[in-house]
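One structure below.
There are 2 protein chains.
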Amino acid sequence: MAKQAKQEFVQHITPREENFSQWYTDVVKMADLMDYTPVRGCMAMKPYGNRIWELIREGMDKRFADTGHENVSLPMLIPESLLMKEAEHVEGFAPEVAWVTQGGNEVLPERLAIRPTSEVLFCTMFSQWVQSWRDLPLKYNQWCSVMRWEKTTRPFLRTAEFWWQEGHTVHATAEEAQEETLLMLEVYRAFIEDVLCIPLFTGQKSDKEKFAGARATYSVEAMMQDGKALQAGTTHNFGTNFTEPFEVRYQNKEGQLAYCHETSWGTSTRLIGAIIMAHGDERGLKLPPGVAPFQAVILPIAAHKGGVMETCEEAKTQLQAAGIRVKLDDRDHLSPGWKFNEWELKGVPLRLEIGPRDIEKGVATYMRRDTFEKGILPLNSLAEGVRALLEDITREMFSIANQFRLSRTKDVFSMAEMGEQVNVGYARSMWCGRRACEDQVKEAFSATSRNMPFDQTPIAPDCVVCGEAADKVMYWAKAY
Amino acid sequence: MAKQAKQEFVQHITPREENFSQWYTDVVKMADLMDYTPVRGCMAMKPYGNRIWELIREGMDKRFADTGHENVSLPMLIPESLLMKEAEHVEGFAPEVAWVTQGGNEVLPERLAIRPTSEVLFCTMFSQWVQSWRDLPLKYNQWCSVMRWEKTTRPFLRTAEFWWQEGHTVHATAEEAQEETLLMLEVYRAFIEDVLCIPLFTGQKSDKEKFAGARATYSVEAMMQDGKALQAGTTHNFGTNFTEPFEVRYQNKEGQLAYCHETSWGTSTRLIGAIIMAHGDERGLKLPPGVAPFQAVILPIAAHKGGVMETCEEAKTQLQAAGIRVKLDDRDHLSPGWKFNEWELKGVPLRLEIGPRDIEKGVATYMRRDTFEKGILPLNSLAEGVRALLEDITREMFSIANQFRLSRTKDVFSMAEMGEQVNVGYARSMWCGRRACEDQVKEAFSATSRNMPFDQTPIAPDCVVCGEAADKVMYWAKAY
């Protein structure tokens, strides 16, 4: 029975090596994370996928609060005239804006954009909220959805509407703004590596790849199991690019008016796509314990036998009391084998089986989703045992992903080497800093510059593309 | 100094008796809950107001989960053709919809509504998600913002965009749908009365006042301090009104196809308006401890004196460790008097002062925001003392609001009595059930039927309006 059930599940998942993209779509759908909707390019997050996003939100929100940020909620609509105030920004976003032109039966005098991002609204409000140096810094964040009218969409990776957080801050000095930009990059890095178990490349974007209107953009870049890059979060230092046209000024201690220095930073439901593609396997999803809706699932074996359901209920109560997210799967019309496969597909980090023989020995039998390793845990200290295993799973998932990343990252010293390397992963090279060389890599290999690591120790004297003197170390990859 | 500061604050707040509406606007603005934006009818929730909403969300979300609901996220846009499928629903919402007609540079083949509410989208998805009786019930909720193109707006009470939760469920039988409709009404009642300290009238709406497309609508109705009603939450039983046109069907145990029975229910940022108008006073906001961003504020007295700041820090640490939301106001450029008034304005339930004389005696001096009562608490068991006071404040705030409500609610037996009573509060009367009589009350007194209580014991034989035989007990009031 178990074998049959496994086949039924597994035969629907395309193997990763055969077609990674199809494997991704299969896992997303079969793990019941989302569904397509009749609204072009917009998805619905189902309970399981939505819960992962809620857990990401809770975890990051706490880190934002701990670093002195407060949440606000700004309108979802932005008048066109506001969007027009910063030239580069308009150019970057106008082609992908959804426009509201009618309200009720009335044709609006001015078009309203559904926010693609909220820099211009925040700056409008900051100009009202900041008067004196005493008001600074303002460190705000909002959790919301935004809309970008994308031509081709994929669940979680690129959807017309997506859910995200956008931090927006204003500071008295350029130094403080730069500090904030790097601080939030570090907050992202720590959360994504420590909780999502995804190792990152951290650094600065090229001018070509930076955010429309920013002076400097930094990113955390992840590697998926097909070797491609996924930009997992960005932080931007705007300097006074927006605060000048929006007149966000403060009176300094000397009584003079000065422009504020501004940052913004964002991460989105893309992170769920990153989790799937960084960790998943032939059996489906593999969730990091920190954001798994259920960290452990309890499966009764021979549930009709005396004491089995009672012991399972007690185990559940014990784990819940210890703050562990646990599910007791008491459905009686499905075989244990079917359930094994379903919870593997859904990526639950730890499976606990409790049957008459386990109860006799006073144990639960476990299986780890990350390594498939099996073992037993004493029932009377189940919570401690489960907690230790979840911590080990977290470490191990990061370690496996990190080994993969290292095996797929290489220094390259010629375009030929670059061409080979970006087919399997990340290439690190010297770069002269010129846009023309970036364009050439894109044209030749469909790869893009990802970011310049903070460690800029040269690995060669010359640009990998043009051969001229180069002082920049750059990571390159094909990207989602 | 303290007296001067108090005057400065208080002179900006219009007295409630002079102009309740202006008092409301003054408090909203001065307590820094929100700000107006350049987007017509849309507000920005500032950190303090946004935090109250987050605490409402956390509290309600837990109760939704405890009653078996799961969160999802559906798109913010709804194709016009979907909105058209249920006739009454379209009629109710079409006049106040914001329409997206362009995406990027492309004119859309079909207009998309920014969701005013999501019944039609949920039904569209339910029709894909429900196959068998085993799939039922589906009990979903989402937290999001919605848009209704209102002509006149007021912060929190009526804004074009507002934040809310909308629950949507489908069930196998009519009985289960009705049970759910009443269950969620009770969840609302318990949260709003027990946590927000606002006593409610609970009952069923008239046909005229029910939700567009519902078979039955229930509401919880609060009384503001000007005697007017505020509808604080509604739950709807749709029967098969939507599931038929949307073909939300399931195969029952006998293998036959049957239509699902559907409910929805919602509460919104209006609740913040209700808190302000149910509890506030001449000094400003008065927040129920359950949703106060800071439940207690610690003010150092003579902060420069040895040991004061240290003791304040210790007190803060002790309260935080006990899970109490506490603020230590260590700003050194403001006098204690100024701070007293600011935190009163912001409605913090408990003020704790700690100065050299308090430290000598091993106490903190407290003042309750609800009663202005002062007293002392031993520092070595501060958390217990604060917790007990917060519980008492919660009880007392409900009790005061409830006494006010009872004093402003009266049975009426003639139109003359009705006219007098709706000027000061709620009128209870018999009603024949006819729309014409409701219209007449509206025309004569600008009052509307609020709801029919579950206790329908007649208080008279005849309709208060037409004098004919009546078997319905109804509450009437002027409403926000």
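As you go down the protein sequences, you meet chains G and X in turn. Using the working numbering, the first residue of the first sequence is number 674, and each one after it goes up by one. Using the working numbering, the first residue of the second sequence is number 674, and each one after it goes up by one. Beta carbons: idealized from backbone N, C-alpha and C, even for Gly. Everything numeric in this text was worked out from a predicted model, so none of it was measured.
Chain X contact residues for residue i, given Cβ-Cβ distances below 8 angstroms
{"i": "residue 905 of chain G", "result": "Here the premise fails: no neighbours, minimum Cβ distance about 20 angstroms."}
{"i": "residue 1093 of chain G", "result": "Here the premise fails: no neighbours, minimum Cβ distance about 37 angstroms."}
{"i": "residue 727 of chain G", "result": "744"}
{"i": "residue 1146 of chain G", "result": "Here the premise fails: no neighbours, minimum Cβ distance about 37 angstroms."}
Close Cβ partners of residue i (< 6 angstroms) along its chain, the five nearest in sequence each way excluded
{"i": "residue 799 of chain X", "result": "843, 921"}
{"i": "residue 1093 of chain X", "result": "none"}
{"i": "residue 908 of chain G", "result": "854, 857, 858, 891, 938"}
{"i": "residue 759 of chain G", "result": "886, 915, 918"}
{"i": "residue 970 of chain X", "result": "1000, 1002, 1016, 1021, 1024"}
{"i": "residue 1101 of chain X", "result": "1084, 1148"}
{"i": "residue 896 of chain G", "result": "1078"}
{"i": "residue 1104 of chain X", "result": "1136, 1143, 1145, 1147"}
Cross-chain neighbours of residue i in chain G, by beta carbon under 7 angstroms
{"i": "residue 810 of chain X", "result": "Within 7 angstroms Cβ-Cβ: nothing; residue 810 of chain X doesn't reach chain G, min ~13 angstroms."}
{"i": "residue 777 of chain X", "result": "768, 769, 770, 822"}
{"i": "residue 818 of chain X", "result": "749"}
{"i": "residue 763 of chain X", "result": "Under the 7 angstroms cutoff, chain G gives no residues; its nearest Cβ is about 13 angstroms from residue 763 of chain X."}
{"i": "residue 964 of chain X", "result": "Per Cβ cutoff of 7 angstroms: no residues; residue 964 of chain X is ~15 angstroms from chain G at best."}
Integer Cβ distance of residue i from residue j, believed to fall under 8 angstroms
{"i": "residue 828 of chain G", "j": "residue 964 of chain G", "result": "With 8 angstroms as the limit, residue 828 of chain G and residue 964 of chain G do not qualify as a contact, their Cβ atoms being about 17 angstroms apart."}
{"i": "residue 868 of chain G", "j": "residue 732 of chain G", "result": "6 angstroms"}
{"i": "residue 901 of chain X", "j": "residue 1150 of chain X", "result": "6 angstroms"}
{"i": "residue 721 of chain X", "j": "residue 973 of chain X", "result": "Actually they are not in contact, since the Cβ atoms of residue 721 of chain X and residue 973 of chain X sit about 22 angstroms apart, beyond 8 angstroms."}
{"i": "residue 858 of chain G", "j": "residue 875 of chain G", "result": "6 angstroms"}
{"i": "residue 1018 of chain X", "j": "residue 703 of chain X", "result": "6 angstroms"}
{"i": "residue 750 of chain X", "j": "residue 795 of chain X", "result": "Wrong, their Cβ atoms sit about 14 angstroms apart, outside the cutoff."}
{"i": "residue 948 of chain X", "j": "residue 961 of chain X", "result": "7 angstroms"}
{"i": "residue 791 of chain X", "j": "residue 841 of chain X", "result": "7 angstroms"}
Residue i classed as buried or exposed, judged by whether at least 16 other C-beta atoms fall within 10 angstroms
{"i": "residue 860 of chain X", "result": "buried"}
{"i": "residue 685 of chain G", "result": "exposed"}
{"i": "residue 1031 of chain G", "result": "buried"}
{"i": "residue 884 of chain X", "result": "buried"}
{"i": "residue 1002 of chain G", "result": "buried"}
{"i": "residue 1140 of chain X", "result": "exposed"}
{"i": "residue 710 of chain X", "result": "buried"}
{"i": "residue 1043 of chain X", "result": "buried"}
{"i": "residue 1136 of chain X", "result": "buried"}
{"i": "residue 1123 of chain G", "result": "buried"}
Cβ shell of residue i (< 7 angstroms), same chain only, five flanking positions each side left out
{"i": "residue 851 of chain X", "result": "910"}
{"i": "residue 697 of chain X", "result": "949, 950"}
{"i": "residue 1075 of chain G", "result": "872"}
{"i": "residue 913 of chain G", "result": "932, 934"}
Interface partners of residue i on chain X, CB under 9 angstroms
{"i": "residue 916 of chain G", "result": "Under the 9 angstroms cutoff, chain X gives no residues; its nearest Cβ is about 17 angstroms from residue 916 of chain G."}
{"i": "residue 1021 of chain G", "result": "In chain order: nothing, as chain X lies at least about 16 angstroms away."}
{"i": "residue 940 of chain G", "result": "What residue 940 of chain G touches in chain X: nothing, since even the nearest Cβ is about 16 angstroms away."}
Neighbourhood of residue i by C-beta distance below 8 angstroms, restricted to the same chain and skipping five residues each side
{"i": "residue 797 of chain X", "result": "755, 919"}
{"i": "residue 1129 of chain G", "result": "1144, 1145, 1146"}
{"i": "residue 837 of chain G", "result": "816, 817, 818, 819, 939, 940, 941, 942"}
{"i": "residue 1034 of chain G", "result": "1049"}
{"i": "residue 1217 of chain X", "result": "Since the first and last residues shown for chain X are 674 and 1153, residue 1217 of chain X lies out of range."}
{"i": "residue 930 of chain X", "result": "922, 923, 924"}
Within chain G, the residues that residue i reaches when beta carbons sit closer than 9 angstroms
{"i": "residue 743 of chain X", "result": "719, 720, 721, 723, 724"}
{"i": "residue 1082 of chain X", "result": "Result: empty, since nearest Cβ-Cβ is about 35 angstroms, beyond 9 angstroms."}
Chain-ordered chain G contacts of residue i [CB-CB under 8 angstroms]
{"i": "residue 839 of chain X", "result": "Within chain G, no residue comes near residue 839 of chain X; the closest Cβ sits about 14 angstroms away, beyond 8 angstroms."}
{"i": "residue 935 of chain X", "result": "Ordered by position in chain G, no residue passes the 8 angstroms Cβ test against residue 935 of chain X, which lies about 17 angstroms from the chain."}
Partner residues on chain X for residue i, Cβ-Cβ distance less than 7 angstroms
{"i": "residue 990 of chain G", "result": "The contacting residues do not exist; residue 990 of chain G stays about 15 angstroms from chain X at best."}
{"i": "residue 842 of chain G", "result": "Neighbours of residue 842 of chain G on chain X: none; closest Cβ ~13 angstroms, over 7 angstroms."}
{"i": "residue 921 of chain G", "result": "Residues of chain X passing the Cβ test: none, with the nearest at roughly 15 angstroms."}
Where the segment 823-836 of chain G meets chain X: residues whose CB sits under 7 angstroms from a CB there: 834, 836
Which residues, taken in chain order from the segment 778-803 of chain X, show a beta carbon closer than 9 angstroms to some beta carbon of chain G? 778, 779, 781, 784, 785, 787, 794, 797, 798, 801, 802
Would you list, in chain order, the members of the segment 732-759 of chain X that have their beta-carbon closer than 8 angstroms to a beta-carbon of chain G? 743, 744, 745, 746, 747, 748, 749, 750, 751, 752, 755
Residues in the segment 697-719 of chain G having any Cβ partner in chain X nearer than 7 angstroms: 708, 710, 711, 712, 715, 717, 718, 719
Output needed in chain order: residues of the segment 969-986 of chain X with a Cβ under 8 angstroms from some Cβ in chain G. none
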